[in-house]
Amino acid sequence: MKLRKILDNISATNVVGSLDKNILDITNNSQKVVEGSAFFAVKGIQFDGVKFVDDAISRGAKVVFHESDIEKYQDGITYVKVENLRKKEPFITSFFYGNPEKEIAIIGVTGTNGKSSTVSIIHFLLNRLGKKCGAVGTIAYDDGKDIYTPTHTTPDSFVLSKLFRSMVNNGCNYCVMEVSSHSLVMDRVSHIKFDRVLFTNISQDHLDFHVDMKSYAEAKSILLNNLLKKDGVRIISKPRDYYNILLSKVDDRDIVIDGKKIKIDSVEQSDKGTIFNLVWDKDFVTIESKLFGKFQSENLALSYLALKSLGFKSKDILENIKRFKNISGRMERVGEKKLIFIDYAHTPEALKKVLETAKDIPHSKIITVFGCGGDRDRSKRGIMGNIATTYSDLSIITDDNPRFEDSDKIISDIEKGVVKGSLYKIVSNRREAIRTAIGEMNRDDILIIAGKGHENYQDICGVKRVFSDRDTVLEFLNDKH
Numbered sequence: 026m027k028l029r030k031i032l033d034n035i036s037a038t039n040v041v042g043s044l045d046k047n048i049l050d051i052t053n054n055s056q057k058v059v060e061g062s063a064f065f066a067v068k069g070i071q072f073d074g075v076k077f078v079d080d081a082i083s084r085g086a087k088v089v090f091h092e093s094d095i096e097k098y099q100d101g102i103t104y105v106k107v108e109n110l111r112k113k114e115p116f117i118t119s120f121f122y123g124n125p126e127k128e129i130a131i132i133g134v135t136g137t138n139g140k141s142s143t144v145s146i147i148h149f150l151l152n153r154l155g156k157k158c159g160a161v162g163t164i165a166y167d168d169g170k171d172i173y174t175p176t177h178t179t180p181d182s183f184v185l186s187k188l189f190r191s192m193v194n195n196g197c198n199y200c201v202m203e204v205s206s207h208s209l210v211m212d213r214v215s216h217i218k219f220d221r222v223l224f225t226n227i228s229q230d231h232l233d234f235h236v237d238m239k240s241y242a243e244a245k246s247i248l249l250n251n252l253l254k255k256d257g258v259r260i261i262s263k264p265r266d267y268y269n270i271l272l273s274k275v276d277d278r279d280i281v282i283d284g285k286k287i288k289i290d291s292v293e294q295s296d297k298g299t300i301f302n303l304v305w306d307k308d309f310v311t312i313e314s315k316l317f318g319k320f321q322s323e324n325l326a327l328s329y330l331a332l333k334s335l336g337f338k339s340k341d342i343l344e345n346i347k348r349f350k351n352i353s354g355r356m357e358r359v360g361e362k363k364l365i366f367i368d369y370a371h372t373p374e375a376l377k378k379v380l381e382t383a384k385d386i387p388h389s390k391i392i393t394v395f396g397c398g399g400d401r402d403r404s405k406r407g408i409m410g411n412i413a414t415t416y417s418d419l420s421i422i423t424d425d426n427p428r429f430e431d432s433d434k435i436i437s438d439i440e441k442g443v444v445k446g447s448l449y450k451i452v453s454n455r456r457e458a459i460r461t462a463i464g465e466m467n468r469d470d471i472l473i474i475a476g477k478g479h480e481n482y483q484d485i486c487g488v489k490r491v492f493s494d495r496d497t498v499l500e501f502l503n504d505k506h
């Protein structure tokens, strides 16, 4: 695409160099530059992209979009200065890829917990019901042909627009995607108008980024209030708090699980899954699922209502919900002979719900392995220590993703919240913590390994080392039999 064509659609403050450059690719990562690329030197929270301009040019960039001043121009390179480049970036990337988000129906899911589960359920249902559906989220990116390991819950617009284009080219009718609070604040999805927007819940998380819960709720509200198509529909599980912030104005088309007009009722759980009634007016449907956890009833209800709003028959939706087996790393049972579950629960509310679920399964003792991530919200650590030791017969505190933070300091923060007199151990090495927990299990005990779920790495000092809770459990189970 000619640079001139792109500049016809944006207002540049200043251009130095030829407008007739042919742009073959676009990126904001200098390490991903190929010959003929345009490099976007975006000013971020931690780094300013202008620091990587020389590296991008050395790799073949011929055009540089920038916001901060550049001290020295190189011959043969075109420099385009754009104010508020970060805000304009999604629209430029979308234009470069032919505005693919306008060619596909997009369902956005936001909330503290349940995004991945809800996306997985809807993705499965739409594909089962004959509508090819792509997906974007924490577990995987699916472009309708290939599955990719995600870099972020919601990637930047360079990745997102390229994914949308692939989805369209691969024949997708729909895309269902997680929309994180970070992506909303950082304008990663500001170019999208969503056909359906789903809200799961809100509880403490990411306060290292958002500072307080009000700011966190305001970030979530961007999707609910600003990015819905005119004829779009919001499907919402009404939260106890922040509802007026999340929804600036209620619309007649809104579908709200509020415990009154629409409610989840008669939730029952067994070792085979979950069953409940979704009730509205004088009618109801019974939803049966192989998923474990009463908390999954909310995700299943939102998924059912979303597909119903898209015109699918209730009978077909319910039949296919029964066929949906599990979600990677979400109350996922590992092995068959013991009751061992791995879950991504890394927030206080999520951990509490997982342990409440465990209590509803017939058992002798509950053993919990958990930790907290480094360089993230420190205020939740003691809370999670309290929750784990309140609901567990034995808690084993271990590493999660310590990142650049001292592991012992994280564990010490967690330990401050443990219930006095409760039984707990500290085994900082996660592999050894899992081995210890399995060794502590007797017949009918339940083991919950929380925090990492589907992840196949452990982030230590900036290095993502290969590690999987699932694989570690299976290894030790095989060793014992």
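The C-terminal residue of the sequence shown carries number 506 in my numbering, and the numbering is unbroken.
Glycine included, C-beta positions come from ideal geometry on N, C-alpha and C.
Everything numeric in this text was worked out from a predicted model, so none of it was measured.
N- and C-terminal bounds of the alpha helix (DSSP H) containing residue i
i	result
L410	It should be pointed out that residue 410 corresponds to Gly in this sequence rather than to Leu. Counting along the chain, the alpha helix (DSSP H) containing G410 begins and ends at 405 to 416.
S119	110 to 121
G464	455 to 465
I260	No alpha helix (DSSP H) contains I260, which is instead part of the beta strand (DSSP E) from 253 to 262.
H91	First-last for H91: 88 to 91, but that is the beta strand (DSSP E), not the alpha helix (DSSP H).
E344	339 to 348
L209	206 to 210
E381	373 to 385
Inter-residue Cα distance where the pair is residue i and residue j
i	j	result
R298	N138	Before going further, note that residue 298 is Gly rather than Arg in the sequence given. Distance between the alpha carbons of G298 and N138 is about 19 Å.
E465	D433	23 Å
R490	Y482	5 Å
L335	D341	13 Å
G422	V498	One detail in the question is off: residue 422 reads as Ile in this sequence, not Gly. Going from the Cα of I422 to the Cα of V498 covers about 17 Å.
Y449	I471	16 Å
V67	L325	39 Å
R84	K57	9 Å
I408	D283	27 Å
H506	E361	Confidence at H506 is low in this model, with a pLDDT of 45, below 50, so the placement of that residue is unreliable and no value is reported for it.
A383	G257	37 Å
C200	R468	43 Å
V444	D431	23 Å
G446	V292	33 Å
L253	H388	45 Å
G169	G61	28 Å
K157	F149	10 Å
G69	K274	32 Å
K286	L343	21 Å
M211	R401	18 Å
P125	V488	35 Å
G318	V359	15 Å
Residue i: first and last residue of the uninterrupted beta strand (DSSP E) it sits in
i	result
R490	488 to 491
Y98	Counting along the chain, Y98 falls outside any beta strand (DSSP E), and DSSP gives it neither H nor E.
E313	308 to 314
D290	287 to 295
S202	First, the residue type needs correcting, since residue 202 is Met and not Ser in the sequence shown. Its beta strand (DSSP E) spans residues 199 to 203.
Distance CB(residue i)-CB(residue j) smaller than 7 Å
i	j	result
T393	I473	yes
F121	I51	yes
K106	T38	yes
D494	I367	yes
R153	N351	no
H216	F65	no
K87	K46	yes
S328	I147	yes
P373	I436	no
G476	D418	no
F395	R460	no
L364	A370	no
L248	L272	no
D79	S93	no
F301	I312	yes
I48	V75	no
Given residue i as reference, the closest of the options once Cα atoms are compared
i	options	result
F189	S119, G155, S228	S119
H91	S83, T103, G85, R153	T103
G399	M356, D418, I439, T135	I439
V161	F149, C197, N198, V204	V204
N251	D237, D277, M238, D220	D220
T135	I172, S208, L330, K255	S208
E480	S295, L151, T163	T163
V214	N54, V184, V359, K97	V184
M202	T311, N109, N195, D167	D167
Heavy atom of the ligand FAD within 6 Å of residue i beta-carbon
i	result
I287	The ligand FAD is absent from the structure shown, which contains no ligand whatsoever.
Any chain D beta carbon closer than 7 Å to residue i
i	result
T103	Absence of chain D from the displayed structure is noted, only one protein chain being present.
Subject >> the segment 253 to 263 touching the segment 217 to 226, judged by at least three CB pairs closer than 8 Å >> reply: yes
Original post:
Would you call the segment 264 to 280 and the segment 240 to 251 in contact, with 3 or more CB pairs under 8 Å?
Top reply: yes
Subject >> Contact the segment 176 to 189 vs the segment 353 to 367: 3+ CB pairs below 8 Å >> reply: no
Original post:
Does the segment 296 to 312 come close enough to the segment 129 to 137 that 3 or more CB-CB pairs lie under 8 Å?
Top reply: no
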